[in-house]
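*Asks:* Positions in the sequence shown are counted from 1; adding 7 to them yields my numbering. No residue lacks a Cβ here, since even glycine has one placed at the ideal position from N, Cα and C. Dropping the structure in here first, questions after.
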Amino acid sequence: MTWIGGIFSKVNMRQGELRKELALMTETACSASEPSAVAYPRYISSIIDDANSKALAKVSLPVEGESPEHVYRDYQEKLALIYDGHLYNSESTGSKLSRAQHRVNETAAESLVHLLAELPGNLEQKVRWALTDLDGDYALAVSDTDLIVISRNSLGTKPLYFAENNGFSAFASNKKPLWKIGLGEVKPLRAGMLAIFDHERVSIKKALPFHKKEIKIKDMAQAVNDYEQALYSAVRKRFAEVNHTDKVGVLLSGGVDSCLIAKLVYDVASGLGMEAIAYTIGLPYSPDVNFAQKFAGELGIKHEMKMLNIEGIEQYIPKVIEAIEDSDFVQIETGIGIYAAIDMASQDSIRLIFSGQGPDELWGGYKWYPKVLGKDGRQELCRRMWDDFTRVDIETLDRENKIAMAHGVELLFPYLDTDVVNVAMSVASELKVTSEEDYLGKHPHRQLAIKMGIPEEYANREKLAIQHGTGIHGVLDEIARKNGFDPALVEDIGYKSEEITTAKMGSSARYGYRYSKRKLWQVPQHVQFFLHSLAYRKGLLNKSVRDRVGYFLEQARLSSRVSV
Numbered sequence: 008m009t010w011i012g013g014i015f016s017k018v019n020m021r022q023g024e025l026r027k028e029l030a031l032m033t034e035t036a037c038s039a040s041e042p043s044a045v046a047y048p049r050y051i052s053s054i055i056d057d058a059n060s061k062a063l064a065k066v067s068l069p070v071e072g073e074s075p076e077h078v079y080r081d082y083q084e085k086l087a088l089i090y091d092g093h094l095y096n097s098e099s100t101g102s103k104l105s106r107a108q109h110r111v112n113e114t115a116a117e118s119l120v121h122l123l124a125e126l127p128g129n130l131e132q133k134v135r136w137a138l139t140d141l142d143g144d145y146a147l148a149v150s151d152t153d154l155i156v157i158s159r160n161s162l163g164t165k166p167l168y169f170a171e172n173n174g175f176s177a178f179a180s181n182k183k184p185l186w187k188i189g190l191g192e193v194k195p196l197r198a199g200m201l202a203i204f205d206h207e208r209v210s211i212k213k214a215l216p217f218h219k220k221e222i223k224i225k226d227m228a229q230a231v232n233d234y235e236q237a238l239y240s241a242v243r244k245r246f247a248e249v250n251h252t253d254k255v256g257v258l259l260s261g262g263v264d265s266c267l268i269a270k271l272v273y274d275v276a277s278g279l280g281m282e283a284i285a286y287t288i289g290l291p292y293s294p295d296v297n298f299a300q301k302f303a304g305e306l307g308i309k310h311e312m313k314m315l316n317i318e319g320i321e322q323y324i325p326k327v328i329e330a331i332e333d334s335d336f337v338q339i340e341t342g343i344g345i346y347a348a349i350d351m352a353s354q355d356s357i358r359l360i361f362s363g364q365g366p367d368e369l370w371g372g373y374k375w376y377p378k379v380l381g382k383d384g385r386q387e388l389c390r391r392m393w394d395d396f397t398r399v400d401i402e403t404l405d406r407e408n409k410i411a412m413a414h415g416v417e418l419l420f421p422y423l424d425t426d427v428v429n430v431a432m433s434v435a436s437e438l439k440v441t442s443e444e445d446y447l448g449k450h451p452h453r454q455l456a457i458k459m460g461i462p463e464e465y466a467n468r469e470k471l472a473i474q475h476g477t478g479i480h481g482v483l484d485e486i487a488r489k490n491g492f493d494p495a496l497v498e499d500i501g502y503k504s505e506e507i508t509t510a511k512m513g514s515s516a517r518y519g520y521r522y523s524k525r526k527l528w529q530v531p532q533h534v535q536f537f538l539h540s541l542a543y544r545k546g547l548l549n550k551s552v553r554d555r556v557g558y559f560l561e562q563a564r565l566s567s568r569v570s571v
């Protein structure tokens with residue numbers, strides 16, 4: 008797990024000011040309040056260019072048997088590269104180098120920085136060309152004397168944020184370091200985008216956007232076979248990057264997505280002599296717990312479970328807000344189960360965890376998809392599925408990666424491997440969601456699970472969102488009311504969450520509720536106000552949002568309903 012960050016001054020900073028700001032960022036990235044701070048010491052590597060008023064830093068967790076990560080330089084030391092994640096095709100990158108530049112046993116990062124130095128053009132052009140065929144899960148930054156260029160891979164599997172003011176601009180793997188140095192409005196860099204930093208501004212440009220694919224697969228057998236090859240390759244590829252460990256984790260809910268990935272991980276890990284451990288979270292008698300426990304027993308994988316209660320969930324809420332740097336209702340209720348599972352795994356000294364995120368967007372798994380099909384037609388269904396997929400970076404991956412980061416753990420997402428996604432996007436939607444009565448969906452995905460030996464009880468289990476499968480969804484209302492936040496309060500003070508922010512996170516909040524049970528999916532205003540108040544007290548809001556939340560909290564204080 009690696010954190011990256013950097014600063015680019017727009018004005019001449021006073022002597023030592025650049026170093027001071029960078030130190031604040033790295034100290035915040037290594038906060039002692041994080042669960043991993045005591046268990047795993049951090050290694051900090053940086054490069055500070057006082058002459059050109061810019062700096063890069065990398066904070067990594069040392070891995071037993073491997074050298075600590077550092078800032079990579081080209082041979083002339085004109086370029087610097089830092090990255091978070093994994094670069095998979097180092098041979099391909101190295102093969103593009105001239106014979107004079109190529110070195111045996113170079114890492115992918117070393118080959119990449121040397122390739123960048125060899126390419127023609129300015130830094131933006133170099134980065135665009137070099138990343139075109141780069142296979143990896145990464146967020147990276149490259150600097151020369153004039154620019155810093157940052158980018159995320161086309162699927163956004165690693166988070167990256169940026170912000171600027173009149174004096175300087177900066178970027179980081181999470182928001183808190185940017186808030187710490189006085190940048191009030193932090194934004195995510197979206198998947199497949201570049202941000203170019205110079206002495207005047209930050210410019211955002213498209214670099215590697217993921218495009219829709221031509222529909223080539225209309226036969227179920229071909230869809231399943233092509234998917235099987237791509238998914239096996241994706242899992243093996245990620246195991247090739249984790250040969251320094253003797254055990255890995257996998258998140259298990261008992262649904263088809265997590266059962267299939269657990270089966271693959273267990274099989275590959277066993278063949279490599281590694282131990283695989285599955286982790287499940289839920290309230291007593293919640294559906295996820297029962298299905299996951301039964302499946303793990305049948306598979307033979309070591310299985311750890313944690314039962315939550317209302318008090319435990321209430322204790323997790325501020326921790327989740329701290330980790331994901333967000334107070335959105337859907338993000339919090341979804342993040343609690345993930346946080347608890349990763350917390351449990353980190354206590355077992357697990358450093359790498361496989362996640363089953365991705366199939367709902369790729370294969371048509373959301374419960375409202377058949378209703379979209381019935382009401383608005385297949386073209387609208389395809390549009391919705393594509394929109395949902397293109398938002399997976401900010402609605403799912405950023406949240407889960409930052410929870411993992413807080414625990415010194417790294418998440419791996421085989422379902423979001425480029426080759427897997429290319430196969431899924433080439434399959435006709437008629438094979439995924441067959442009709443308006445098809446409330447299962449994901450048929451090629453389910454057929455592969457059955458082909459691989461997953462019993463139909465799990466392969467054809469109906470989709471439950473994690474917050475419902477774990478039983479967390481219904482508890483948040485009780486917790487908010489317990490803390491003085493109820494419908495009467497928000498009505499009295501005129502609080503409306505859409506006046507705080509118009510952004511809606513998650514397809515259920517954006518449109519899914521219109522096709523399903525509204526009460527089940529719409530955001531309860533009093534619960535959202537409660538979550539906003541917690542984030543406000545922790546200083547985990549952009550300034551524009553913080554000002555609006557502060558106004559409503561003052562109104563609540565004046566009403567003597569809530570203490571601020």
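#1: Considering only residues of the stretch 243-286, which uninterrupted beta strand (DSSP E) runs meet the minimum length of 3 residues and lie entirely inside it, listed in chain order?
#2: Residue 414: buried (16+ other C-beta within 10 angstroms of its C-beta) or exposed?
#3: Please report the distance separating the alpha-carbon of residue 497 from that of residue 486.
#4: Per DSSP, what kind of secondary structure is residue 434 in: helix, strand or coil?
#5: Please return the same chain residues whose Cβ sits closer than 7 Å to the Cβ of residue 552, not counting the five positions on each side in sequence.
#6: Among the candidates 335, 309 and 340, whose CA atom is the shortest distance from the CA of residue 323?
#7: Just to confirm the assignment, what range does the alpha helix (DSSP H) spanning residue 487 have?
#8: Starting from the C-beta of residue 16, find all residues in its chain whose C-beta is less than 6 Å away, skip the five residues before and the five after it, and write them out in chain order.
#9: Which residues in the same chain as residue 408 place their Cβ atom closer than 7 Å to its Cβ, once the five residues preceding and following it in sequence are excluded?
#10: Using a threshold of 7 Å, is the CB atom of residue 374 nearer than that to any non-hydrogen atom of the ligand ADP?
#11: Would you call the stretch 265-274 in contact with the stretch 230-249, where contact means no fewer than 3 C-beta pairs closer than 8 Å?
#12: In angstroms with no decimal places, state the Cα-to-Cα distance between residue 56 and residue 332.
#13: Going by DSSP, which residues form a beta bridge with residue 310?
#14: So, for residue 269: in the same chain, excluding its five sequence neighbours on each side, which residues have a beta-carbon less than 7 Å away from its beta-carbon?
#15: In angstroms with no decimal places, state the Cα-to-Cα distance between residue 444 and residue 249.
#16: Would you identify the three-state DSSP class for residue 416, choosing helix, strand or coil?
#17: Taking the continuous alpha helix (DSSP H) assigned at residue 359, which residues delimit it?
#18: List the endpoints of the continuous beta strand (DSSP E) containing residue 201.
#19: Would the stretch 19-39 and the stretch 181-199 be scored as touching if the rule is three or more Cβ pairs under 8 Å?
#20: Tell me whether residue 217 sits in a helix, a strand or coil according to DSSP, three-state version.
#21: If you count every other CB in all the chains shown that lies within 10 Å of the CB of residue 53, and 16 or more means buried, which is it?
#22: Have a look at the DSSP bridge pairing and note the partners of residue 385.
#23: For the pair the stretch 144-161 and the stretch 85-97, tell me if three or more CB-CB distances fall below 8 Å.
#24: Beta-carbon separation of residue 483 and residue 534 under 8 Å?
#25: So, helix, strand or coil for residue 21, using DSSP?
#26: Assuming residue 149 is part of the beta strand (DSSP E), what are its boundary residues?
#27: Write down the C-beta distance between residue 549 and residue 193 rounded to the nearest angstrom, noting that I regard them as a contact closer than 8 Å.
#28: Please classify residue 403: does DSSP put it in a helix, a strand, or coil?
#29: Who does residue 10 pair with in a DSSP beta bridge?
#30: Whole angstroms are fine: how far does the CA of residue 430 sit from the CA of residue 217?
#31: On the DSSP bridge assignment, give the partners of residue 171 in chain order.
#32: Going straight from the alpha carbon of residue 563 to that of residue 500, what length do you get?
#33: Over the uninterrupted beta strand (DSSP E) stretch that includes residue 514, give me the two end residues.
#34: What does the alpha-carbon distance come out to for the pair residue 421 and residue 559?
#35: Looking only at its chain, what residues have a beta carbon closer than 8 Å to the beta carbon of residue 566, apart from the 5 residues adjacent to it on each side?
#36: Report yes if the CB atom of residue 11 is closer than 8 Å to the CB atom of residue 161, and no otherwise.
*Replies:* Reading it off the structure:
#1: Those beta strand (DSSP E) runs which fall completely within the stretch 243-286 and span 3+ residues are 254-258.
#2: By the 10 Å Cβ count, residue 414 comes out buried.
#3: Separation of residue 497 and residue 486 (C-alpha to C-alpha, rounded to the nearest whole angstrom) is 16 Å.
#4: Looking at residue 434 - three-state DSSP - the assignment turns out to be strand.
#5: The residues are 507 and 508.
#6: Per the C-alpha coordinates, the member of 335, 309 and 340 positioned closest to residue 323 is 340.
#7: That run of the alpha helix (DSSP H) goes 480-489.
#8: Cβ neighbours of residue 16 beyond the five flanking positions: 60 and 175.
#9: The answer, listed in chain order, is 165, 166 and 418.
#10: Absence of the ligand ADP from the depicted structure is noted, as is the absence of any ligand whatsoever, leaving it without description.
#11: Yes: the two stretches touch, three or more of their Cβ pairs being nearer than 8 Å.
#12: One C-alpha to the other measures close to 30 Å.
#13: For residue 310, the beta-bridge partners assigned by DSSP are 285.
#14: Within the same chain, residue 269 has close Cβ partners 257, 259, 285, 306 and 308.
#15: Taking the straight line from one Cα to the other gives about 43 Å.
#16: Coil, per DSSP.
#17: Segment 359-361 is the beta strand (DSSP E) holding residue 359; no alpha helix (DSSP H) there.
#18: Run containing residue 201: 200-204, per the beta strand (DSSP E) assignment.
#19: Contact between the stretch 19-39 and the stretch 181-199 is present: three or more C-beta pairs spanning the two stretches fall below 8 Å.
#20: In this structure, residue 217 counts as coil in the three-state DSSP scheme.
#21: Residue 53 counts as buried, since at least 16 other C-beta atoms from the protein chains shown sit within 10 angstroms of its C-beta.
#22: Residue 385 is not bridged to any residue.
#23: The stretch 85-97 and the stretch 144-161 touch, with three or more beta-carbon pairs separated by less than 8 Å.
#24: In this structure, residue 534 lies closer than 8 Å to residue 483 by Cβ.
#25: Three-state result, residue 21: coil.
#26: Residues 143-150.
#27: About 6 Å; that satisfies the 8 Å criterion.
#28: Here residue 403 sits in helix by DSSP.
#29: According to DSSP, which records beta bridges pairwise, residue 10 is partnered with 66.
#30: Going by the C-alpha atoms only, they are around 13 Å apart.
#31: Residue pairing by DSSP places residue 171 opposite 176 in a beta bridge.
#32: For the pair residue 563 and residue 500, the Cα-to-Cα distance works out to about 7 Å.
#33: Counting along the chain, no beta strand (DSSP E) covers residue 514; the unbroken alpha helix (DSSP H) around it starts and ends at 514-517.
#34: Residue 559 has its alpha-carbon roughly 43 Å from the corresponding atom of residue 421.
#35: Within the same chain, residue 566 has close Cβ partners 496, 499 and 500.
#36: A distance of 8 Å or more separates the beta carbons of residue 11 and residue 161.
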